[in-house]
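Undergrad: Here the working numbering = 1-based position in the sequence shown + 1.
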Amino acid sequence: MINELKENYGYLFEDSLLMEINSVGTFKEIPEGFQLIDIGNYIKSMPLLVSGAVKILREDDKGDELLLYFIERGDTCAMTLSCCMGQKKSEIRAVAETPTKLIMIPIEKMGEWMGKYKSWQNFILQSYHDRMTELLEAIDTIAFLKMDERLFKYLKDKAMVNHNDVIQVTHQEIAFDLHTSRVVISRLLKTLENEGKIKLHRNSIKILDI
Numbered sequence: 002m003i004n005e006l007k008e009n010y011g012y013l014f015e016d017s018l019l020m021e022i023n024s025v026g027t028f029k030e031i032p033e034g035f036q037l038i039d040i041g042n043y044i045k046s047m048p049l050l051v052s053g054a055v056k057i058l059r060e061d062d063k064g065d066e067l068l069l070y071f072i073e074r075g076d077t078c079a080m081t082l083s084c085c086m087g088q089k090k091s092e093i094r095a096v097a098e099t100p101t102k103l104i105m106i107p108i109e110k111m112g113e114w115m116g117k118y119k120s121w122q123n124f125i126l127q128s129y130h131d132r133m134t135e136l137l138e139a140i141d142t143i144a145f146l147k148m149d150e151r152l153f154k155y156l157k158d159k160a161m162v163n164h165n166d167v168i169q170v171t172h173q174e175i176a177f178d179l180h181t182s183r184v185v186i187s188r189l190l191k192t193l194e195n196e197g198k199i200k201l202h203r204n205s206i207k208i209l210d211i
């Protein structure tokens with residue numbers, strides 16, 4: 002695990018902190034679609050992503066989901082941090098967007114390292130800032146963009162975190178993430194294809210205009 006730590010976090014953390022993470026952290030490999038955190042769970046550890054991507058979702062009282070943002074290699078989730086530090090139940094669902102490797106850090110170490118390592122404190126504060134920026138972007142997207150613009154942004158974001166301009170996704174999966182109906186998504190995807198922005202295939206979409 003130490004090699005993955007140095008490769009992904011060596012530029013952020015000093016060797017002594019890397020060694021502590023290596024000592025107390027738990028390395029995990031999770032498949033695409035694996036639910037890492039669910040709404041209502043108490044969170045006992047915080048994920049540090051080594052590779053892959055995880056999507057963070059909210060759920061309304063009807064059980065419908067809404068995609069908030071993605072976290073990638075070198076990231077962690079601010080909402081996870083908040084729940085860990087406050088020992089509160091999770092308000093988000095975290096699902097692996099791609100096969101993902103991560104290191105789970107026990108929550109009791111988070112506060113200890115905040116006072117012990119300036120690099121950890123900076124990392125946590127920067128993570129809060131980055132996730133807050135993404136949340137504001139998500140709010141702006143919902144409030145100010147038309148559904149076709151939201152859909153195209155979603156497709157480009159998904160292609161970016163998958164590092165592939167061809168994404169494997171069904172119309173129904175997109176509808177769940179964007180909190181709308183499959184019929185609406187299918188119609189808008191056809192419109193985007195006619196505009197030359199995407200090419201539709203069976204259960205996959207190629208992004209032509211990134």
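Even glycine gets a Cβ: it sits at the ideal position worked out from N, Cα and C.
Since this is a predicted model, take the numbers as computed values, not measurements.
#1: What is the rounded straight-line gap between the Cα of Y70 and the Cα of L136?
#2: Considering only residues of the same chain and omitting the five flanking positions on each side of K185, which have a CB-CB separation below 8 Å?
#3: Quick check: what's the CA-CA separation for D158 versus G34?
#4: Using a 10 Å radius around the Cβ and a threshold of 16 neighbouring Cβ atoms, would you call L209 buried or exposed?
#5: Between the stretch 50-59 and the stretch 117-130, do at least 3 Cβ pairs fall closer than 8 Å?
#6: Quick one: what's got a C-beta closer than 8 Å to L126's C-beta in the same chain, skipping five residues either side?
#7: Check whether the stretch 90-98 touches the stretch 13-21, counting contact only when three or more Cβ pairs, one atom from each stretch, lie closer than 8 Å.
#8: Is there contact between the stretch 98-110 and the stretch 34-51, where contact requires at least three CB pairs shorter than 8 Å?
TA: By the coordinates alone:
#1: The sequence position of residue 70 within the sequence shown is 69, counting from 1. The sequence position of residue 136 within the sequence shown is 135, counting from 1. So the alpha carbons of these two residues sit roughly 7 Å apart.
#2: By one-based count along the sequence shown, residue 185 stands at place 184. In the sequence as presented, Lys is not what sits at residue 185; that position holds Val. Correct list, in chain order: M148 and A176.
#3: Along the sequence shown, read from residue 1 onward, the residue named residue 158 stands at position 157. Along the sequence shown, read from residue 1 onward, the residue named residue 34 stands at position 33. Using only the alpha carbons, I get a separation of about 17 Å.
#4: Against the sequence shown, residue 209 aligns to sequence position 208. Classification of L209: exposed, given that the 10 Å Cβ count is below 16.
#5: no
#6: Here residue 126 refers to the residue found at position 125 of the sequence shown. Correct list: empty, nothing qualifies.
#7: Flag = no, the stretch 90-98 and the stretch 13-21 do not touch.
#8: yes
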